[in-house]
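Start counting the sequence shown at 422; every next residue gets the next number (our numbering).
Ideal Cβ positions, reconstructed from N, Cα and C, are used throughout, including at glycine.
Take a look at the structure set out below.
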Amino acid sequence: MWVKALFGTDMYHIIASFLIYSMLGWLVESIYMSICNRKLTNRGFAKGPFCPIYGFGGVLGYLILHPLEGRYIELYIAGALAATLFEFLVGKLMLALFGEVWWDYNEKPFNYKGIVCLESTIAWGFYAVFIIMFLNGKIMGFIDRYSYEMGVRVCWVLVILASLDTLYHLFRALHWNVEKYCDKIKEKYEMFRARWY
Numbered sequence: 422m423w424v425k426a427l428f429g430t431d432m433y434h435i436i437a438s439f440l441i442y443s444m445l446g447w448l449v450e451s452i453y454m455s456i457c458n459r460k461l462t463n464r465g466f467a468k469g470p471f472c473p474i475y476g477f478g479g480v481l482g483y484l485i486l487h488p489l490e491g492r493y494i495e496l497y498i499a500g501a502l503a504a505t506l507f508e509f510l511v512g513k514l515m516l517a518l519f520g521e522v523w524w525d526y527n528e529k530p531f532n533y534k535g536i537v538c539l540e541s542t543i544a545w546g547f548y549a550v551f552i553i554m555f556l557n558g559k560i561m562g563f564i565d566r567y568s569y570e571m572g573v574r575v576c577w578v579l580v581i582l583a584s585l586d587t588l589y590h591l592f593r594a595l596h597w598n599v600e601k602y603c604d605k606i607k608e609k610y611e612m613f614r615a616r617w618y
């Protein structure tokens, strides 16, 4: 699984960079919103330091846009449009699943249904240039600094922790009784343990 390639990049580097982009996105977003709110604000969906929208955006942005590396104007325009489309689609998906979007651009000029706005579109273009021309190379260098075996182990641990955290909060957001399911799992485990030990 880890060595299969997608757009010329192996899955190990894709998954590791997804995790790093998700954590960096959470950090930047939480700092920005903490300043805006004048109090500590966790901008992640779950409790952990993880915003998967930034992980997907960073990885997909790199995979799609890296052929434009060095062509700044084309890269800026393509990045701004692609990220705005991605943000819009994620916003519509959130509306369908949760009945709300976890950001609100209604107060921003030139917004569309509060989901996307011109200010963010302009910023996404600069982010795309920064990611393709600078950040992604640093992230890949950081990943390659450590052994493949250790990197895979760390990725597994982070994927499992982030998945459990996200699933737990997703079930809660969908108003599923998480505690009831956890109790059922504990009950099944106790029955299994009593039978075999």
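- DSSP places L461 in the coil class of the three-state scheme, outside both helix and strand.
- In chain order, I564, G572 and C576 place their CB closer than 7 Å to the CB of A437, counting only its own chain and leaving out the 5 sequence neighbours on each side.
- Three or more beta-carbon pairs separated by less than 8 Å link the region 534 to 544 to the region 497 to 506, which places the two stretches in contact.
- Counting along the chain, M561 sits inside the alpha helix (DSSP H) bounded by residues N557 to D565.
- As the crow flies, the alpha-carbon of I560 is around 29 Å from that of V522.
- Linking R614 to F509 through their CA atoms gives a straight-line distance of about 48 Å.
- Between G446 and I474, the CB-CB gap stays under 9 Å.
- Rounded to whole angstroms, K468 and L427 show a C-alpha spacing of 30 Å.
- Contact between V550 and Y493 holds: their C-beta atoms lie close to 6 Å from each other, under 8 Å.
- Non-local beta-carbon contacts of G535 in its own chain, meaning distances under 6 Å to residues more than five positions away in sequence, involve D525, Y526 and N527 in chain order.
- When beta bridges are read from the DSSP output, D431 appears opposite A426.
- Annotated as distal: L481 and L489, with beta-carbon spacing of 9 Å or more.
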